[in-house]
Amino acid sequence: IYAFLGTSIEASLGPYALISILVYDTVGSVVTPDENDQVYIDAVMITSILSGAFLFILGLLRAGFIVNFLSDPVLQSLTTGGAFLIATS
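At the far end of the sequence shown sits residue 90, using my numbering, and the numbering has no gaps.
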């Protein structure tokens with residue numbers, strides 16, 4: 002819908018659906034939302050904080066250059082896999 006109706010500088014588009022699905026799969030293998038809501042929320046928050054801390058440390062170490070060593074087919078397959086995961090879930 003955004004592609005047809007929305008053009009906004011404030012709107013942020015990104016791989017958020019893929020990240021949400023991956024967090025759900027990761028945390029869902031440990032605890033389900035049906036068992037205990039607070040434990041599930043805590044697990045999602047801990048996963049988010051640890052992921053953010055890991056990305057922050059990689060940013061401080063200037064580790065982004067590692068992506069230059071990945072070939073284009075590898076990056077395209079990761080993108081296609083993410084699109085397929087979003088489409089099938």
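Every residue, glycine too, gets a C-beta built ideally from N, C-alpha and C.
Just so we're clear, the structure is a prediction, and the values are computed from it rather than from any experiment.
The ligand HEM heavy atom lying under 8 Å from the CB of residue i
i: residue 43; result: What this structure holds is no ligand at all, so the ligand HEM is not there to describe.
Closest Cα partner of residue i within the set the options
i: residue 41; options: 63, 53, 26, 54; result: 26
i: residue 49; options: 64, 24, 58, 18; result: 24
i: residue 46; options: 28, 63, 36; result: 28
Chain-order list of residues whose beta-carbon lies under 7 Å from that of residue i (same chain, five-residue window excluded)
i: residue 90; result: 22
Close beta carbons around residue i, own chain, < 8 Å, minus the five adjacent residues each side
i: residue 31; result: 44
i: residue 34; result: 41
9 Å Cβ cutoff met for residue i and residue j
i: residue 59; j: residue 65; result: yes
i: residue 68; j: residue 56; result: no
Nonlocal neighbours in the same chain, by C-beta distance under 6 Å from residue i, ignoring five residues either side
i: residue 18; result: 87
query = Which whole runs of the alpha helix (DSSP H) in the stretch 6 to 83 are 4 residues long or more, in chain order?
reply = 17 to 29, 38 to 61
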